[in-house]
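Asker: Numbering (the numbering used here), first residue to last: 10 to 346. I am attaching a structure below and will ask some questions about it afterwards.
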Amino acid sequence: LNIRMGRAQVIMNPIFQKAQTSPKAIVFPEGDNPKIIKAAQLALDSHIAVPILLGCEEKINEIAAANGIEIHDIQIIDPEKFEKFDAYVDEYFRLRQRKGVTRKEAIEKMKNQLNYFGSMMVHMGDADGMISGITSHYPDTIRPALEIIGKDPKYKYVSGCYIISNKNQTYFLADTTVNVNPNADAVADICLATAEFATNFDVVPKVALLSYSNFGSAKGDTPKKMRDALDIIRKRDPQLMVDGDMQADMAVTPELLETIFPFSNLKGGANVLIFPNLDSGNITYKLLSKIGGARLIGPVLLGLSRAVHVLQRNTEIDEILNMTAIAVVDAQHKATK
10 LNIRMGRAQV IMNPIFQKAQ TSPKAIVFPE GDNPKIIKAA QLALDSHIAV
60 PILLGCEEKI NEIAAANGIE IHDIQIIDPE KFEKFDAYVD EYFRLRQRKG
110 VTRKEAIEKM KNQLNYFGSM MVHMGDADGM ISGITSHYPD TIRPALEIIG
160 KDPKYKYVSG CYIISNKNQT YFLADTTVNV NPNADAVADI CLATAEFATN
210 FDVVPKVALL SYSNFGSAKG DTPKKMRDAL DIIRKRDPQL MVDGDMQADM
260 AVTPELLETI FPFSNLKGGA NVLIFPNLDS GNITYKLLSK IGGARLIGPV
310 LLGLSRAVHV LQRNTEIDEI LNMTAIAVVD AQHKATK
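Quick look at the structure:
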């Protein structure tokens, strides 16, 4: 695993170490994907997770053999043959019967839409977390989790975070994937969930609420929204180091911030960057990856009551391992609540 991961990726070290202390059961609905099969076996062999692959066992074994992957000791579940299939159908129907779902539709979802079955495994306690998305659209992973697992009671909004690493620093960027134009309450939720997540990496969060304005230097809806969010955040978590509104270059250049705006409580530069809308967050992380050459980890889903995370379609095996370790630590954290 050390060779595959390249231990220069220092930010992930504490996550893998924490995962190995108490591996959790992580279900992979895309169990017949060769990358998923390989990553699942590596995760098991490295003692960071107890993977569960969904799909036809015969087909998964055939795909593994065709790709030169030796699999052993991994649980493979075919939903239709699972002893709790009827119980899952009953529970999904109970949850969604007043949302327009018939029992026939509940059976179809549990049988043929494996993200629903995987989410139900987590909901019913038969898995601690779920990872999906390598062959499905982003909303097709989030929707079943929202319908079945639901939000963390602490948060009203689910959001998405990317971890961006370069040679010198690591940053947590949010929201990059979910909320198109969050209001001040949503920005506050996004900020607090991202700051909480950053602590899993043994990072002390230092948060900048980004805008085109520096502390009211320009008028407009966006700067006001971020200042309103700051008031909400400080009431909910007075100990968090957070400030804004501020421009992105100011947030990550501590000597500039402390010279021009010495009143700011954000010292040493921000490592958590909260964007005012999805346009700015999504554009930023993609440019940093393609032009800036930064290493991306994510997207990480924040604000759900259980550990559910999404893979990119072009993801590689080491990235799946990253997300597996993150899901395990997330599940550990949520189990203590």
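Beta carbons: idealized from backbone N, C-alpha and C, even for Gly.
1) If you drop the 5 nearest sequence neighbours on each side, which residues of the same chain put their C-beta closer than 7 angstroms to that of A17?
2) CB L123 to CB L63, shorter than 8 angstroms?
3) Comparing alpha-carbon positions, which option in P214, V212, N286 and Q341 lies nearest P232?
4) When DSSP builds the beta bridges, which residues end up paired with P60?
5) So, at 6 angstroms on beta carbons, what are the nonlocal neighbours of V338 in its own chain, with the 5 sequence-adjacent residues on each side left out?
6) Which of helix, strand or coil does DSSP assign to H342?
7) Assuming L265 is part of the alpha helix (DSSP H), what are its boundary residues?
8) Checking the sheet assignment: what are the DSSP bridge partners for R304?
9) Alpha carbon to alpha carbon, what distance is there between C65 and E39?
10) Counting C-beta neighbours from all protein chains within 10 Å, is the total for L239 16 or more, i.e. buried, or is it exposed?
11) Pair every Cβ in the segment 148-166 with every Cβ in the segment 42-61, then say whether three or more of these pairs are closer than 8 angstroms.
12) On the CB-based measure, 16 or more other CB atoms within 10 Å of its CB, does D252 come out buried or exposed?
13) So V98 is in the beta strand (DSSP E); what residue range does that whole segment cover?
14) If contact is defined by three or more beta carbon pairs under 8 angstroms, each pair taking one atom from either stretch, is the segment 129-137 in contact with the segment 91-99?
15) So who's on the other strand from A183, going by DSSP bridges?
16) Could you compute how far the alpha carbon of L218 sits from the alpha carbon of L320?
17) Based on Cα-Cα distance, which residue from K343, T333 and H342 lies nearest to G142?
18) Excluding the 5 residues preceding and the 5 following L265 in the sequence, name in chain order all residues of the same chain whose CB lies nearer than 7 angstroms to its CB.
19) Buried or exposed: K68, going by 16 or more other Cβ atoms within 10 Å of its Cβ?
20) Can you tell me the Cα-Cα spacing of G138 and G127, whole angstroms?
21) Excluding the 5 residues flanking M250 on each side, which residues of the same chain have their C-beta closer than 8 angstroms to its C-beta?
22) Start and end of the beta strand (DSSP E) containing I85?
Answerer: The answer reads as follows:
1) Model confidence at A17 stands at a pLDDT of 40, short of 50, so the residue's coordinates are unreliable and nothing is read from them.
2) yes
3) N286
4) I35
5) I24, K27, A28 and N209
6) helix
7) P263 to I269
8) S174
9) 11 angstroms
10) buried
11) no
12) buried
13) Element bounds for V98: not the beta strand (DSSP E) but the alpha helix (DSSP H), F94 to R105.
14) yes
15) C170 and I283
16) 26 angstroms
17) T333
18) M259
19) exposed
20) 9 angstroms
21) V213, P214, K215, V216, N274, L275 and K276
22) Q84 to I86
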